[in-house]
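Student:
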Amino acid sequence: MTCSYNRVKGCGSLSPRANTFDSLWLQCISLSGFRIFPEKESALVPSYHRPASIDEALRLKADLGPAAVFLAGGTEVNNHGSARAEALIDLAGLGLDTIQPSPEGLRIGAGGTFQQIVEHPDTPWYLEAAALQMANRNIRNRATVGGHLAVNRSCADLIPVLLAAEARVALVDREVALEDFLCGQQGLILSVLVPMTARGFGLGNMTRTAADISIVAVAASLNLDGECLRQPVLAVGGVAAHVVRLHDVERALDGSPLPTRENLESLVSQAVHPIDDHRGSAAYKRHIASVLAGRALADAVRRLVIR
Ligand SMILES: Cc1cc2nc3c(=O)[nH]c(=O)nc-3n(C[C@H](O)[C@H](O)[C@H](O)COP(=O)(O)OP(=O)(O)OC[C@H]3O[C@@H](n4cnc5c(N)ncnc54)[C@H](O)[C@@H]3O)c2cc1C
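The C-terminal position of the sequence shown is numbered 1601 in this note's numbering, with every residue numbered one higher than the one before it.
#1: In three-state terms, what does DSSP make of G1574?
#2: Determine the closest residue to F1364 out of Q1409, L1497 and H1343, with distance taken between C-alpha atoms.
#3: Can you tell me whether DSSP reads Q1394 as helix, strand or coil?
#4: Looking at the strands, I want to know which residues DSSP matches up with C1522.
#5: Report buried or exposed for Q1394, applying the criterion of at least 16 other Cβ atoms within 10 angstroms of its Cβ.
#6: Can you grab the Cα-Cα spacing for the pair M1490 / S1448, in whole Å?
#7: Would you give the residue range spanned by the beta strand (DSSP E) that L1467 belongs to?
#8: Suppose contacts are defined by Cβ-Cβ distances below 8 Å. Is A1437 in contact with T1369 by that definition?
#9: What is the C-beta distance between R1401 and L1457, in whole angstroms, given that I count them as a contact (C-beta under 8 Å)?
#10: Using only CA atoms, which one of L1558, R1601 and R1597 lies nearest to R1580?
#11: Could you check whether Y1420 and L1528 sit closer than 8 Å to each other, using their CB atoms as the reference points?
#12: If you draw a straight line from the C-alpha of I1323 to the C-alpha of A1534, how long is it?
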């Protein structure tokens, strides 16, 4: 389905052809008919497409080019991404919003929302806890996993735990490790596969307010062999351009008992390279990352020991 929206010239009348996408307009038009965000007038999107199949979505993207943007929950696109979009390709009709257990793990459709993850009976505690870190229920009802991965923010709340679970991303023509995806893969995301393992998990994050995106978010997972850590994974958000695994720290920990808290924090603080920004200074983020990482690893060990 394809429909065009006339740019509003007067005081807030909706295009007669507007339908499910009214919310975009309603964000820009006050109930009294006056614009709330008059400066956004030029940001209204000229065309909206609702493909009925993945093939149609891909064809539209190829035809419309880089100025066409996929639309999932719209929390980003509707916020500021639409300012650059000439066309929106709505993914809502593609059946990508399912969450299904499979022998390989939990497959979360790209259109699955954070709230669906929270409520799904097969969601393990660590995914649920990380999904609950997302803003508030209104945002969780809209924000999708596909949009979250595509935006690939430095401090994304769900990505650390997905990395710790060694999740894989299904694209149209291949499945890639999430870590590789974050380093620059693009294209339509179909789903994320989260292997269900017996590993121990630990998480932590620090935010300015309960509803804010994290300053730093950490997730760890590991196996134990006696007292020794086996194949630990440590993922940290907010300390680089995107969420990263600290491979040097993982290698240093593999095969040894959990070091003292001081040694662990020192290892982590040398491995992260945050920047100063409005969420905190580089020194603060380095300190927080090392404290949270130490706690997450200790939690992961504890959960295995008391199992
Ligand atoms: C008010 C607010 C609060 C937020 N709070 C948090 C928070 O607490 N923690 C946190 O981590 N994040 C937070 N975010 C960011 C959040 O991660 C993203 O907004 C959300 O997950 C994006 O999902 P979406 O479905 O809304 O994406 P959309 O806005 O629909 O799309 C975002 C981008 O992803 C692309 N895209 C969407 N789906 C796909 C797909 N299947 N394949 C390829 N590309 C795709 C779109 O083309 C677009 O470029 C917040 C955002 C807002 C606006």
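Note that CB positions come from ideal geometry on N, CA and C, so glycine has one too.
Tutor: This is what the structure holds:
#1: strand
#2: H1343
#3: strand
#4: In DSSP, C1522 forms a bridge with D1519 and P1551.
#5: exposed
#6: 25 Å
#7: The amino acid occupying residue 1467 in the given sequence is Asp; Leu does not appear at that position. Premise fails: D1467 is in no beta strand (DSSP E) and is neither H nor E.
#8: yes
#9: In fact, because the Cβ distance is near 17 Å, the residues do not count as touching under 8 Å.
#10: L1558
#11: no
#12: Confidence at I1323 is low in this model, with a pLDDT of 33, below 50, so the placement of that residue is unreliable and no value is reported for it.
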